[in-house]
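> Have a look at the structure that comes next, please.
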Amino acid sequence: MPEEDKMPEKSEEIMVKEEPKQEVVEPTPVKEEVSKEPIKDDSPKEDIQIKEAQPDEGKETVAEKVETKNIFIAIAVVIGIFAVIIGGFYIYNNITGATVTSIDSLHQRNAEGKLDPDKGYIYNDYSFVYAQDLWWTEMFIGGKWVRTPLHFGPKDVDQLLVGGELHDDFNNGTDVYVAIDPAVNDKHYTLGISELSFNLVKGLNRRAVGSCTVEDEACVDRDIISCDNNPDRLPVIELVIANETKVILNDTCMLIQGQDFEFVKAIERVLYEWYGIIE
Numbered sequence: 065m066p067e068e069d070k071m072p073e074k075s076e077e078i079m080v081k082e083e084p085k086q087e088v089v090e091p092t093p094v095k096e097e098v099s100k101e102p103i104k105d106d107s108p109k110e111d112i113q114i115k116e117a118q119p120d121e122g123k124e125t126v127a128e129k130v131e132t133k134n135i136f137i138a139i140a141v142v143i144g145i146f147a148v149i150i151g152g153f154y155i156y157n158n159i160t161g162a163t164v165t166s167i168d169s170l171h172q173r174n175a176e177g178k179l180d181p182d183k184g185y186i187y188n189d190y191s192f193v194y195a196q197d198l199w200w201t202e203m204f205i206g207g208k209w210v211r212t213p214l215h216f217g218p219k220d221v222d223q224l225l226v227g228g229e230l231h232d233d234f235n236n237g238t239d240v241y242v243a244i245d246p247a248v249n250d251k252h253y254t255l256g257i258s259e260l261s262f263n264l265v266k267g268l269n270r271r272a273v274g275s276c277t278v279e280d281e282a283c284v285d286r287d288i289i290s291c292d293n294n295p296d297r298l299p300v301i302e303l304v305i306a307n308e309t310k311v312i313l314n315d316t317c318m319l320i321q322g323q324d325f326e327f328v329k330a331i332e333r334v335l336y337e338w339y340g341i342i343e
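Be aware that the sequence shown starts at 65, since it is given in my numbering, and climbs by one per residue.
Structure (structure tokens):
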């Protein structure tokens, strides 16, 4: 009889007991008592010296930047003055037809004695009328009528004396060297230069040549010339800003100086004499 199949023995269940979890207790931070008393440091201390900041090499300081800016401004001003000298006559060429008609009408009324003295008068047979903040007159020059506006009438400037005498060589050639101070930045200076240049070209048929009295960055390629520095005895008009208003003629040089509107008056005094209005 075959052996009876044995029943498989029951396997014992293996019970794995969970180990109890350990509690992790974080340590309580211990506060350190800080003493409120100041800590004394008896070690010797070095004197702290604040040294003046030195500019970095290769970097422009603020003063240098300002100086550079001023140089550029000065150059621009002088270049602007040279532009006025060369093309000053264009300033007065924008006279409209209406303006011309109005001025002609004023001259007619002036000849009839219908204007107040502060609006018009006759001076050495020339009619002067005041319009648009300028004194206007007309002259017959070189076969044509020239209408000339100036800021002052002859009565305003005829008391300003002109001293000295010009040599005949001043009138040789066409060029007249207008010598300016490149360091001057003054609106009256520029105004006087524009009036002088306009009248030299349009009224006296001379060519104004812009030049400087001293060497300057703004005067590159310009003649350096003045009344005291004129070895070739060229025709020179030197313009100076100064407290005393005067006109000095010497050999081939004319020195015109003044300040503010007195400078403009000095220039116009010369122009009226050139035109033969003031004798």
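Beta carbons: idealized from backbone N, C-alpha and C, even for Gly. Fair warning: this is a prediction, and the values are worked out from it, not measured in the lab.
1) If you measure between the beta carbons of Ile342 and Ile320, is that distance less than 8 Å?
2) Distance, Cα to Cα, Ala195 vs Pro295?
3) CA-CA distance, Asp232 and Glu332?
4) Within 10 angstroms of its Cβ, does Phe234 collect 16 or more other Cβ (buried), or is it exposed?
5) As a quick exercise: from Trp200, Ala247, Ile186 and Tyr190, pick the residue whose alpha carbon is nearest that of Ile167.
6) Rounded to whole angstroms, what is the Cα-Cα separation between Glu259 and Val284?
7) Within the same chain, show all residues whose beta-carbon is closer than 6 Å to that of Asn174, passing over the 5 residues directly before and after it, in chain order.
8) State the Cα-Cα distance for the pair Gly322 and Thr309, rounded to the nearest angstrom.
9) Kindly indicate which residue of Cys291, Thr212 and Ser169 has the alpha-carbon position closest to the one of Ala314.
10) From Leu225 to Gly256, what distance separates their C-alpha atoms?
11) Could you check the C-alpha separation between Ser275 and Ala247 for me, to the nearest Å?
12) Report all residues from its chain with a CB closer than 8 Å to the CB of Glu279; omit the five preceding and five following residues, and keep chain order.
13) Is it right to say Gly340 is buried, meaning 16 or more other beta carbons lie within 10 angstroms of its own, or is it exposed?
14) Once DSSP output is grouped into helix, strand and coil, what is the label at Tyr336?
15) Which residue wins for smallest C-alpha separation from Tyr423, given the options Leu179, Pro299, Ile205 and Val334?
16) Name the two residues that bound the continuous beta strand (DSSP E) containing Leu255.
Looking at the atomic coordinates:
1) Not in contact: Ile342 and Ile320 (Cβ atoms no closer than 8 Å).
2) In this structure, the straight-line span from the alpha carbon of Ala195 to that of Pro295 is close to 44 Å.
3) One alpha carbon belongs to Asp232, the other to Glu332, and they sit about 21 Å apart.
4) Around the beta carbon of Phe234, 16 or more other beta carbons lie within 10 angstroms, which makes this residue buried.
5) Ranked by Cα distance from Ile167, the first of Trp200, Ala247, Ile186 and Tyr190 is Trp200.
6) Distance between Glu259 and Val284, taken at the CA atoms: about 24 Å.
7) Excluding sequence neighbours, Asn174 sits near Gly184, Ser191 and Val193.
8) One C-alpha to the other measures close to 4 Å.
9) Checking the sequence shown, residue 314 turns out to be Asn, not Ala. Measuring from the Cα of Asn314, the nearest candidate turns out to be Cys291.
10) Note on geometry: alpha-carbon atoms of Leu225 and Gly256 lie some 18 Å from one another.
11) Cα-Cα distance, rounded: 13 Å.
12) Counting only Cβ-Cβ distances below 8 Å, and skipping sequence neighbours, we find Ile288.
13) So Gly340 ends up on the exposed side.
14) The answer is helix: DSSP assigns Tyr336 an H, G or I state.
15) Missing from the structure shown is residue 423; the chain here goes from 65 to 343 and no further.
16) Run containing Leu255: none in the beta strand (DSSP E); it sits in the alpha helix (DSSP H), Lys251 to Phe262.
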